[in-house]
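Below: the structure, in structure tokens.
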Amino acid sequence: MSPMSVASGNLVLLVLLLVGVYVYLRASNSVRARVAERARERAAWVPNAAAGTDEVTAKSLRGHMGRASRVLALVGEHLPLFDAKQRAKLSLVCRRAGFYGPRAVSALVGVKFTSGIGAGVCAVLFGSKLPLLGQFLVLRAVLMLAAFIVGMILPEYALAFRARRRQRQIAAVLPDALDLLVICTNAGHSLAVGIQRVSREIRMISVPLAVELEMTASELHLSGDASVALRNLGERVDLPSVRSLVSTLIQSQQYGTPITTALKTLSKSSRTQAMLELEEKAAKLAPKMVLPMMLFILPTVAIIAAGPAVLRLMTIFGK
Numbered sequence: 001m002s003p004m005s006v007a008s009g010n011l012v013l014l015v016l017l018l019v020g021v022y023v024y025l026r027a028s029n030s031v032r033a034r035v036a037e038r039a040r041e042r043a044a045w046v047p048n049a050a051a052g053t054d055e056v057t058a059k060s061l062r063g064h065m066g067r068a069s070r071v072l073a074l075v076g077e078h079l080p081l082f083d084a085k086q087r088a089k090l091s092l093v094c095r096r097a098g099f100y101g102p103r104a105v106s107a108l109v110g111v112k113f114t115s116g117i118g119a120g121v122c123a124v125l126f127g128s129k130l131p132l133l134g135q136f137l138v139l140r141a142v143l144m145l146a147a148f149i150v151g152m153i154l155p156e157y158a159l160a161f162r163a164r165r166r167q168r169q170i171a172a173v174l175p176d177a178l179d180l181l182v183i184c185t186n187a188g189h190s191l192a193v194g195i196q197r198v199s200r201e202i203r204m205i206s207v208p209l210a211v212e213l214e215m216t217a218s219e220l221h222l223s224g225d226a227s228v229a230l231r232n233l234g235e236r237v238d239l240p241s242v243r244s245l246v247s248t249l250i251q252s253q254q255y256g257t258p259i260t261t262a263l264k265t266l267s268k269s270s271r272t273q274a275m276l277e278l279e280e281k282a283a284k285l286a287p288k289m290v291l292p293m294m295l296f297i298l299p300t301v302a303i304i305a306a307g308p309a310v311l312r313l314m315t316i317f318g319k
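So for the sequence shown, full-length UniProt numbering puts the first residue at 1; every next one is plus one.
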């Protein structure tokens with residue numbers, strides 16, 4: 001194909017991509033836009049914690065991305081790409097990743113849309129250089145559509161990776177937080193006051209856990225319904241240890257059992273579980289080291305041990 005035809009084909013694909021996006025956005029009527037706006041407001045609403053939570057939110061959402069995040073949030077607010085159920089799911093993903101701002105869902109939608117458009121444009125520009133696909137306009141169009149879909153999905157995988165890393169950080173510090181909560185309850189503090197005190201003390205060790213506990217304490221102070229606040233904590237963190245903590249605290253309040261005894265038992269079981277996980281990792285270490293040893297260490301040892309003898313034999317047979 002001539003360079004002129006390739007350039008014209010790329011231009012046609014870019015125009016088709018932009019026209020398709022424009023038609024899709026225009027097809028979404030005003031009723032759906034209003035419903036999506038209400039869903040965004042309800043899904044992104046989180047009770048205001050103390051000033052420390054606002055600082056963490058500002059650092060995580062606006063501090064890292066700066067002005068670009070505000071632009072992406074503005075773009076996402078005017079893109080009714082997802083319905084209420086999908087936006088609620090995206091809001092949960094954002095909260096588990098540590099983004100609690102009221103415009104977090106809009107920023108994520110803007111990032112997904114921008115990533116999809118960028119991937120589609122790159123597929124159009126570089127698809128013509130492929131040996132087989134570049135010769136057919138239809139195949140390049142299919143490649144552009146596939147790149148757009150992949151670009152829309154990638155930001156969610158990035159958030160899921162951040163959420164898993166955040167869960168590991170919380171799980172590592174949770175036994176210490178439970179011990180501090182036991183001390184606070186033994187001192188006569190209520191559950192809300194104890195959680196708030198633990199969040200202040202644990203902030204220097206784990207900011208994610210401190211933020212979650214601070215938000216839970218604020219919900220307890222504002223609503224007074226401990227079961228709802230604790231279930232929200234379990235939903236945001238999504239860890240088995242945190243869910244067991246939530247169920248233990250709810251059952252203690254429902255049946256009137258002492259919270260201190262339940263927390264002591266839970267702290268002990270949490271530390272036992274952590275030790276079992278460490279022992280399991282240590283047991284898996286030996287089989288994992290077999291392949292690297294065979295590939296890197298064993299050949300080196302064989303060369304060092306048999307090298308001089310081989311060289312001597314080569315010298316003898318050479319004579």
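Where a beta carbon is used, it is the ideal one built from N, C-alpha and C, also for glycine.
Buried is the label assigned to ARG96, since at least 16 other Cβ atoms lie within 10 Å of its Cβ. DSSP places ASP179 in the helix class (H, G or I) of the three-state scheme. Per DSSP, reduced to three states, the secondary structure at TYR100 is coil, with no helix or strand assignment. The three-state secondary structure of ILE304, taken from DSSP, is helix. With 16 or more other Cβ atoms from the protein chains shown falling within 10 Å of its own Cβ, TYR100 counts as buried. Per DSSP, the unbroken alpha helix (DSSP H) holding ARG243 starts and ends at 240-255.
Around the C-beta of THR185, 16 or more other C-beta atoms lie within 10 Å, and the residue is accordingly described as buried. In this structure, the alpha-carbon of ARG165 lies about 22 Å from that of ARG200. Counting C-beta pairs with one atom in each stretch, the region 146-163 and the region 253-263 have fewer than three that are closer than 8 Å, which means they do not touch.
Three or more Cβ pairs drawn from the region 172-192 and the region 266-274 lie within less than 8 Å of each other, which places the two stretches in contact.
For GLY234, same chain residues with a beta-carbon under 6 Å away, outside a window of 5 residues either side, are VAL242, ARG243 and VAL246 in chain order. For PRO287, the enclosing alpha helix (DSSP H) stretches over residues 259-292. The C-alpha of ALA163 lies about 40 Å from the C-alpha of PRO131.
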